[in-house]
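In this note's numbering, the protein residues as written are 1350 to 1785.
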């Protein structure tokens, strides 16, 4: 008796691969040969061939011609970029002398598209020599510097007071892929903040990069905080970034009720970045010095996911998490948040916390080539003095591209335990962003 689930031997095809007999369904033969060729293409043999020979009924021999073995030799660059061959090797995550790997080489376009200051004017080409391969690139510089700001002057009691913000980002000025970011903002009689981040992606043409961060924050008549962080990082071939840091925080009080403090930390972090996903996870551990010395721990996690629904419609989901662990933190040592770059609809740095979680989602619709509109919602949970609170923010945005840059406007309404939903409580943010 024959089972209904069994197959006759004649229903299979048998392939002799170097003495090993492979049993396949006839429909699987093409995929099997393709996989064999792919293995060779990813191990140095771009011109490998495979075919069936001595075919007899349902049997055949697999004949493989590997061809010559190739390695990557040189990268030849055409265009107005001053990028060097060593820098380009690092950017595309390939090393001189690597064996030819078709899978990695197929990812070159994707990796180049993630570099904001470069674009390909023509697809790269492969030139094969005896056992070596050169890759020809046609690259152009893309303006990626920008300035974004709004500054106002007010006169009170015959004194001129400054109010506003400036964000400046300079990319690849020295043709080393470096980034210089400067942020300044002030709100009269409340605070002033100066922030700078300098990133050098490659030290001495190595796989290691460095980053320097400086943050000076002054709350008028209360305190001045200074934070410095020096980091060394390594960017892997899989878009992972590993980081080691040393962090110094100092706070000088102008108020008798708040004491001075020093915090010294070492840190480690890991990040992942593609065109659609960005994840950063960092931890710092060290000592807090006031009149006494105590342990200090800071954990941070931020995520950003971009969803494309169509050419016109996309959505962005992001989270920010920041946790401080120390039982005796003063106001000047806490997390400051609120305003345009954290939870909208509230004053800049209106709140303080020791533990903070913000979830945000926005939906962007492209009206035409020069106009976009968006709606957004944010939910915030935070802890201060062992008391948990929550905030909400909802709003709309609009931006218009013209010859001067991008003019944008946001209207956000903040909702808290002490502030209910009310259009009169909304805050308007206007700015001009210019790329050069």
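Cβ coordinates follow ideal geometry from the N, Cα and C atoms, glycine included.
Query raised in the report: How do the stretch 1646-1661 and the stretch 1539-1549 stand: do at least 3 beta-carbon pairs fall below 8 angstroms, yes or no?
Result: no
| message | For residue 1662, tell me which candidate among 1713, 1386, 1445 has the shortest Cα-Cα distance. | response | 1713
**Prompt:** Quick one: does the C-beta of residue 1615 sit closer than 6 angstroms to a heavy atom of the ligand GTP?
**Reply:** Among the ligands in the structure shown, none appear at all, so the ligand GTP cannot be discussed.
- Query: What residue range is occupied by the uninterrupted alpha helix (DSSP H) comprising residue 1387?
  - Reply: 1378-1390
Out of 1615, 1428, 1514, 1582, which one is the CA nearest neighbour of residue 1469? 1428
Between residue 1360 and residue 1386, what straight-line distance do the alpha-carbon atoms span, to the nearest angstrom? 25 angstroms
Q.
Could you compute how far the alpha carbon of residue 1567 sits from the alpha carbon of residue 1574?
A. 6 angstroms
Query - Residue nearest to residue 1761 in terms of C-alpha spacing, selected from 1584, 1754, 1687, 1755 - result: 1687
Since residue 1683 sits in a beta bridge, which residues does DSSP pair it with? The partner list for residue 1683 (beta bridge, DSSP) is empty, contrary to what the question assumes.
Check your understanding: Among residues of its own chain, excluding the 5 on either side of residue 1352, which ones have a beta-carbon nearer than 8 angstroms to its beta-carbon?
Key -> Because the pLDDT of residue 1352 is 38, which lies under 50, any placement of that residue in the model is unreliable, and the question is left without a value.
Q.
Please give me, in chain order, every unbroken run of the beta strand (DSSP E) with length at least 3 that falls completely inside the stretch 1602-1630.
A. 1610-1622
If you draw a straight line from the C-alpha of residue 1589 to the C-alpha of residue 1551, how long is it? 15 angstroms
What's the gap between the Cα of residue 1681 and the Cα of residue 1577? 16 angstroms
Less than 7 angstroms between C-beta atoms, sequence neighbours within five positions excluded: which residues of the same chain meet that for residue 1460? 1440, 1441, 1442
Unbroken beta strand (DSSP E) run spanning residue 1543, endpoints: 1540-1549
>> Below 8 angstroms, how does it come out for the stretch 1668-1676 and the stretch 1632-1650: are there three or more Cβ pairs, yes or no?
In response: yes
Secondary structure at residue 1725, three-state DSSP: helix, strand or coil? strand
**Message:** Please report the distance separating the alpha-carbon of residue 1708 from that of residue 1450.
**Reply:** 41 angstroms
message = The beta strand (DSSP E) that contains residue 1458, what's its start and end?
response = Careful: residue 1458 lies outside any beta strand (DSSP E), inside the alpha helix (DSSP H) at 1457-1462.
Tell me the DSSP bridge mates of residue 1657? 1663
Item checked: Between the CA atoms of residue 1438 and residue 1467 - distance to the nearest angstrom -> 14 angstroms
* CB contact flag (residue 1494, residue 1520, <7 angstroms) -> yes
- Task: Please check the pair residue 1297 and residue 1491, which I expect to be a contact at CB under 8 angstroms, by giving their CB distance rounded to whole angstroms.
- Result: With the chain covering only 1350 through 1785, there is no way to say anything about residue 1297.
Item checked: Cβ shell of residue 1569 (< 7 angstroms), same chain only, five flanking positions each side left out -> 1538, 1539, 1540
(request) Name the one or two DSSP bridge partners that residue 1768 has. (result) 1765
| task | Could you check the C-alpha separation between residue 1397 and residue 1422 for me, to the nearest Å? | result | 20 angstroms
*asked:* Within the continuous beta strand (DSSP E) that includes residue 1411, where are the two ends?
replied: 1408-1414
**Study point:** Three or more C-beta pairs below 8 angstroms linking the stretch 1721-1733 and the stretch 1694-1708
**Key:** yes
query: From residue 1394 to residue 1417, what does the alpha carbon distance come to, in whole angstroms?
result: 6 angstroms
(Q) Let me check understanding here. Comparing Cα to Cα, which of 1365, 1458, 1624 lies closest to residue 1474? (A) 1458
- Message: I need the DSSP call for residue 1451, collapsed to helix, strand or coil.
- Response: helix
| task | Under 8 angstroms Cβ to Cβ from residue 1693, same chain only, skipping five residues before and after it: list those, please. | result | 1725, 1727, 1742, 1744, 1759, 1761, 1763, 1776, 1778
Residue interval of the alpha helix (DSSP H) (run including residue 1437)
1434-1440
request  = Whole angstroms is fine: what's the gap from residue 1484's alpha carbon to residue 1476's?
outcome  = 6 angstroms
By Cβ distance, which residues of its chain are closer than 7 angstroms to residue 1390, with the 5 residues on each side in sequence left out?
1397, 1451
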